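Comments concern the structure below.
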Amino acid sequence: METKVENMVKKDKKKALEYIKNKEKGKKLIDEAVHKARNEDSGTKEFKSDLKISISMFKSFLSGEYRNISKKTIISIVAAILYFVNPFDVVPDFIIYAGYIDDALVFSMLLRSIKKEIENYKKWQSMKEY
1 METKVENMVK KDKKKALEYI KNKEKGKKLI DEAVHKARNE DSGTKEFKSD
51 LKISISMFKS FLSGEYRNIS KKTIISIVAA ILYFVNPFDV VPDFIIYAGY
101 IDDALVFSML LRSIKKEIEN YKKWQSMKEY
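Heads up, the sequence shown is in UniProt numbering, so the first residue is 1 and it goes up one at a time.
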């Protein structure tokens with residue numbers, strides 16, 4: 001039996017393709033996530049780091065700058081971002097402190113499954129800076 005979180009993530013993974021295929025929609029999602037992250041106390045240092053790398057990977061993918069990424073990975077990243085921007089997920093964000101616990105858990109769960117590709121992206125990013 002699926003939990004509410006698993007059910008929402010499954011739906012977000014299906015929606016993710018729309019944001020991957022439509023650059024304008026993808027850019028709006030990035031803007032929304034950045035805005036929300038900047039304007040709200042959105043969780044722990046680790047969660048903020050996961051969010052930042054996810055947004056960066058999606059942004060690099062959308063621009064065509066970074067394409068060494070599997071379909072599964074980009075879908076997981078976009079699904080995690082969609083979950084984050086949704087104020088009415090399993091634990092609504094207006095519930096102070098608790099509202100970001102589920103967001104952090106979803107990010108942790110999804111990013112753990114794509115850890116190798118995240119490390120590859122970080123290496124690419126550091127090489128790009130030289």
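Glycine is no exception: its CB is placed at the ideal position from the N, C-alpha and C atoms.
In this text, all values refer to a predicted model and were calculated from it rather than measured experimentally.
Please classify residue i as buried or exposed, where buried requires at least 16 neighbouring CB atoms within 10 angstroms.
| i | result |
| --- | --- |
| threonine 73 | buried |
| aspartate 31 | exposed |
| methionine 57 | buried |
| glutamate 117 | buried |
Could you check which residue in the options has the C-alpha nearest to that of residue i?
| i | options | result |
| --- | --- | --- |
| methionine 8 | Ser126, Val78, Lys25, Glu119 | Val78 |
| phenylalanine 84 | Ala104, Glu18, Lys10 | Ala104 |
| lysine 123 | Asn68, Glu6, Glu18, Lys36 | Asn68 |
| phenylalanine 107 | Thr44, Leu51, Lys27, Ile118 | Leu51 |
| lysine 14 | Lys71, Leu62, Glu24 | Lys71 |
What's the C-alpha gap between residue i and residue j?
| i | j | result |
| --- | --- | --- |
| isoleucine 101 | glutamate 65 | 32 Å |
| lysine 11 | threonine 44 | 25 Å |
| alanine 16 | serine 54 | 13 Å |
| lysine 48 | lysine 36 | 11 Å |
Am I right that residue i and residue j are in contact with their C-beta atoms under 8 Å? What's the rounded C-beta distance?
| i | j | result |
| --- | --- | --- |
| serine 76 | serine 113 | 7 Å |
| leucine 110 | leucine 29 | 15 Å between Cβ atoms; not a contact. |
| glutamate 18 | lysine 25 | 6 Å |
Can you give me the start and stop residues for the alpha helix (DSSP H) that residue i sits inside?
| i | result |
| --- | --- |
| isoleucine 75 | 71–85 |
| asparagine 120 | 115–128 |
| asparagine 39 | 23–39 |
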